[in-house]
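Residue numbers (our numbering), protein chains in the order written: chain D, 908 to 1257; chain U, 908 to 1257; chain B, 908 to 1257. Yeah, the Cβ is synthetic: ideal placement off N, Cα and C, and Gly gets one too.
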Amino acid sequence: MEFTAKQLADFLQGTVEGDLQAKVCDFSRIEEGKEGTLSFLANPKYEHYIYTTQASIVLVNQDFIPSRPVTSTLIRVPDAYKALAALMAVVEQTRTKKTGIDSTASIASTATTGEHCYIGSFAYIGENSSIGNNCQIYPYVYIGDHVTIADNTIIYPHVSVYSGCVIGQNVILHAGCVVGADGFGFAFDKETGKYTKIPQQGNVVIEDDVEIGANTTIDRAAMSSTSTVIHRGVKLDNLVQIAHNVEVGENTVMASQAGISGSVKIGKRCQLGGQAGLSGHIRIEDDVKIGAQAGVISDVAANRTILGAPAIDARDFMRSSVIFNRLPELSRTVSQLQREIEQLKKEINK
Amino acid sequence: MEFTAKQLADFLQGTVEGDLQAKVCDFSRIEEGKEGTLSFLANPKYEHYIYTTQASIVLVNQDFIPSRPVTSTLIRVPDAYKALAALMAVVEQTRTKKTGIDSTASIASTATTGEHCYIGSFAYIGENSSIGNNCQIYPYVYIGDHVTIADNTIIYPHVSVYSGCVIGQNVILHAGCVVGADGFGFAFDKETGKYTKIPQQGNVVIEDDVEIGANTTIDRAAMSSTSTVIHRGVKLDNLVQIAHNVEVGENTVMASQAGISGSVKIGKRCQLGGQAGLSGHIRIEDDVKIGAQAGVISDVAANRTILGAPAIDARDFMRSSVIFNRLPELSRTVSQLQREIEQLKKEINK
Amino acid sequence: MEFTAKQLADFLQGTVEGDLQAKVCDFSRIEEGKEGTLSFLANPKYEHYIYTTQASIVLVNQDFIPSRPVTSTLIRVPDAYKALAALMAVVEQTRTKKTGIDSTASIASTATTGEHCYIGSFAYIGENSSIGNNCQIYPYVYIGDHVTIADNTIIYPHVSVYSGCVIGQNVILHAGCVVGADGFGFAFDKETGKYTKIPQQGNVVIEDDVEIGANTTIDRAAMSSTSTVIHRGVKLDNLVQIAHNVEVGENTVMASQAGISGSVKIGKRCQLGGQAGLSGHIRIEDDVKIGAQAGVISDVAANRTILGAPAIDARDFMRSSVIFNRLPELSRTVSQLQREIEQLKKEINK
């Protein structure tokens, strides 16, 4: 497929600056842009590449003001990154999807599958489970008993969904993620020094439009009437840990290797950086931003941006970090002041 | 099933405070307690919920003194959390377990399986391996060659147990965990700048009553006569890393995403917080508590509680953290003192 | 098999110090050395064991000078660890490898497999994919469509290689690792507070001689003409995260649970400690050492050794850490100085 700048601008409701007939047939990153490709500029850090890129067309934000001449044709749109997403989604839809139920799949006689599903080789669907329409269940997906999966959901290879879990529509579960393993619940016996397992009898509920990264783990809730809940629109990266009875609010995102302890409640539209960790039983309100590697040990009010371990206001943390880096100097200064004061005392008492 | 307060108290050897005939048929969390459910209060942080919960019965510790009136019937027991575990275990035992060997399972002719086992669809059991009695081997479990698994062990889907490993009885391995992959052993060649693999020829030994979380990885030992050992009663959460030749002492527990480097030896009844990391070749003695995200780079004596990176005594770390948070202020104070001393010097030398 | 000190020294081009006829038939760790075993001393931390070990022969570096008498026979070689690796590799080669294509494997009619391959039970190889000669593809390995795998590569159970990825020769992928899952790319819509998925249409390229640990995840690049690249000789430990469009330079190694954000470029021969985290869009030059748990948020010049979060020069970090640990004391000293200065002011103004 090949498109002209004019065609793309019409589709995106943007305006062309340059050659209306410039043609592209592929995407490229701006730093590697070649003739015949479409690139984009969203992160200001990459602006300098726009003056040298060979990309034929570059999507830019409406308010972008070049500081030097640009040879590529520009298409101005309200949000260059969103426009790119829209174009890539069009390409994505042209890809053929797998269909049909593979003869090697093991589907319980009491399970049901919707229309137009792909059920791959060796997939396993347990008793009384139901799969919605247009789902894609890849090879080696394990769906336990009494699991419900709604329409248009994609489950990649080697995902395990333990019994009793509920998964919404338009959900994507990437390879190797585990939904519904037992929470980490044990009662310690002081006399014997041993731990007794608390059976984990709740489930996991994943609402619509959620995407879960590869090898991420989401534990089932402890008690039979309770759920670990991932609300609508949440996006979790790879290798994230969500413990039992956690609730993650709508449209919250977590970068890779973040870890959430048991019974934490996280609000809507929060952002967690990579490797951030949250202690158990705390509450994070809406629109909180938690920096990478932060360690959060208490409740956080809405709209805060925090960093460090234990986490504090992000700007305060960065200010303290600057001083941390010159602590040896500060310490020497204090020692010097001590000596000077001793000297002054002597002089005064002379 | 429905039980009265009296029946439960008799079973738990506790005492009822309130309506002996109060009935429950399910569990609930105290903050969400509904009529007809049994809840519990163990964490003092949740005490305020006991005054408003709708749970018909609440398990409390013997010494609990309410500060306000409670409408629920109370059952006093020595340890409310342990009592809960006991009741949940009773419910758990009423659940039907899967049995039988699925026709799609691939079991080597030289392998043996005990009585009353469940071997799920597509399970794989290699040459000369043996599975004990009453084991549950879920779909897609990979058991390599020469593996021994004792009685009553449960292995969830997508677990890999590499060749030569030994697993005890009453062990639970959650989905996706990997037992016995190669340790990270390479010899660096300064001349070529390349790494040469050190073949990893030892194994992993997991003793009785161990539980391993989802997607956790435990590497095999380097040398053929050595083992990475997880001793009896250890509980590891999800996404934990145990490197080659590590030894984890009895009844030690690790929260999610903790990482243990090669040849570390950890004592009995230690507790590691989430995302804690231990450097290689160190020794942690018994009953040590290592806080979340701690970075431990040297040996730790018994009974210590440590935190921070590099980890120090936890209380010292918290005290230093408090000052860290106001380092900019401390720095300004020091600068001010410098100026004042300069002024004093001038005044004295006037 | 049994070897004498003389035979081993000849093979390793080393020199014997002690009994030329000392015999060994197995390896051992120096702290557990038994008669009839061969051990080695490379890490000076273990030197004290050489004076008590029961190992019959110990490999040592040429320049090792014992401070006390040693009873074991020594073999001096230029690099004891490398010599050990060479001997273990010889043993490794005597092990029989699995061969043949299992009848339960699902191989697309358009896929090709080389000579002398092992394709295990339930393995899945998608459309138009090709597997080189002498490869070992274990049970439950998922190879998507249009994947290329070169000669002598070993892929352990439960690995997922998504469509379009390219894997070199002599590569080892450990159990459960995921190659080519979607990168974490979403466009945030301020108006709706929702995220729109950016389709991830690039791939992952893994060059020759790479080893990837268990449950590690490597995301595919975002744009169709781009790749996440793991260059020749790279070794990644377990549970590592590599985000989309990252490039890891030749012979770089990463310890477990390290996490690399999107579009990071890492040079050659770098070393990353466990749980280290790198922010997106930064560039790490050649021969950089990044300590465990470090948080790197900006570019790093060649040959630097850094530590801490945000990471600084490692020695500076350790110096500041020492002061951090006595911040309460420093703070008290400053308060004391304030009081003394107030006192001096009074005295001067008397």
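Distances from the CA of Ile-1038 (chain B) to each of B:Ile-1074, B:Tyr-1047 and B:Gln-1178 were compared; the closest alpha carbon is that of B:Ile-1074.
For the region 1042 to 1069 of chain U, residues whose beta-carbon sits nearer than 9 Å to a beta-carbon of chain D comprise Tyr-1045, Pro-1046, Tyr-1047, Tyr-1063, Pro-1064 and His-1065.
Within the region 1150 to 1167 of chain U, the residues whose Cβ lies closer than 9 Å to any Cβ of chain D are, in chain order, Glu-1157, Asn-1158, Val-1160, Ala-1162, Ser-1163 and Gln-1164. Proximity of Thr-1133 (chain U) to chain B, defined by a Cβ-Cβ separation below 9 Å, is satisfied. Of all C-beta pairs linking the region 958 to 968 of chain U to the region 938 to 946 of chain U, three or more are shorter than 8 Å, placing the two stretches in contact.
Ile-1056 (chain D) and Ala-1030 (chain D) have their C-alpha atoms roughly 14 Å apart.
Annotation for Glu-1157 (chain D): His-1138, Arg-1139, Gly-1140 and Lys-1175 place their beta carbon closer than 6 Å to its own, counting only its chain and skipping 5 residues before and after. Look at the region 1027 to 1043 of chain B: the residues with a C-beta under 7 Å from a C-beta of chain D are Phe-1029 and Tyr-1031. Boundaries of the alpha helix (DSSP H) around Ser-1238 (chain U): 1234 to 1255. In the DSSP secondary-structure assignment, Asp-1096 (chain B) is bridged to B:Lys-1101. With fewer than 16 other Cβ atoms from the protein chains shown falling within 10 Å of its own Cβ, Gly-1007 (chain D) counts as exposed. Rounded to whole angstroms, the gap between the alpha carbons of Ala-1015 (chain D) and Leu-1179 (chain U) is 41 Å. The beta carbons of Val-1111 (chain D) and Thr-1133 (chain D) sit about 11 Å from each other, so the pair does not count as a contact at 8 Å. Assignment of Lys-952 (chain U) by DSSP, reduced to helix, strand and coil, places it in the helix class. The Cβ-Cβ distance between Lys-1142 (chain B) and Phe-971 (chain U) does not fall below 9 Å. Judged by DSSP secondary structure, Val-997 (chain D) falls within the alpha helix (DSSP H) whose first and last residues are 987 to 1001. At least one beta carbon of chain D lies nearer than 9 Å to the beta carbon of Ser-935 (chain U).
In the three-state reduction of the DSSP assignment, Tyr-958 (chain U) falls in the helix class. Our two residues, Ser-1238 (chain B) and Ser-1238 (chain U), have alpha carbons roughly 10 Å apart in a direct line. Uninterrupted beta strand (DSSP E) stretches at least 3 residues long and entirely within the region 1028 to 1106 of chain D occur at 1085 to 1088, 1093 to 1096 and 1101 to 1104, given in chain order.
Taking Val-1229 (chain U) as the centre and dropping the five residues before and after it, the same chain places no C-beta closer than 7 Å to its C-beta. Pairing Gly-1087 (chain B) with Val-1068 (chain B) gives a Cβ-Cβ distance under 9 Å. In this structure Glu-1114 (chain U) is buried. Its beta-carbon is surrounded by 16 or more other beta-carbon atoms within 10 angstroms. In the displayed model, Ile-1204 (chain U) falls within coil according to three-state DSSP, outside both helix and strand. Beta-bridge analysis with DSSP links Phe-947 (chain D) to D:Leu-966. DSSP places Val-1112 (chain D) within a strand segment (E or B) once states are collapsed to three. Taking a cut-off of 8 Å for Cβ pairs, the region 1152 to 1169 of chain U and the region 913 to 933 of chain B do not touch, as fewer than three such pairs fall below it. Taken in chain order, the members of the region 1174 to 1189 of chain B whose beta-carbon sits within less than 8 Å of a beta-carbon on chain D are Gln-1182, Gly-1184, Ser-1186 and His-1188.
In the DSSP assignment, Asp-1126 (chain B) falls within the beta strand (DSSP E) that extends over 1124 to 1126. Exclusion of the five residues before and after Tyr-1049 (chain D) leaves Tyr-1031 and Ser-1067 as the residues of its chain whose Cβ lies within less than 6 Å of its Cβ.
For Val-1207 (chain D), the nearest beta carbon of chain B is not closer than 9 Å to its own beta carbon. Residues of the region 1226 to 1245 of chain B that bring their beta carbon within less than 7 Å of a beta carbon in chain D comprise Arg-1226, Ser-1227, Ile-1230, Phe-1231, Leu-1237, Thr-1240, Val-1241 and Leu-1244, in sequence order. Taking a beta-carbon distance threshold of 9 Å, Met-908 (chain B) does not count as an interface residue toward chain U. In the DSSP assignment, Leu-915 (chain U) falls outside any beta strand (DSSP E) and within the unbroken alpha helix (DSSP H) covering 912 to 919. Of all alpha-carbon atoms in U:Phe-918, U:Val-1078 and U:Thr-1017, the one lying nearest the alpha-carbon of His-1053 (chain U) is that of U:Thr-1017. By the C-beta density criterion, Ser-1010 (chain U) is exposed, having fewer than 16 other C-beta atoms within 10 angstroms.
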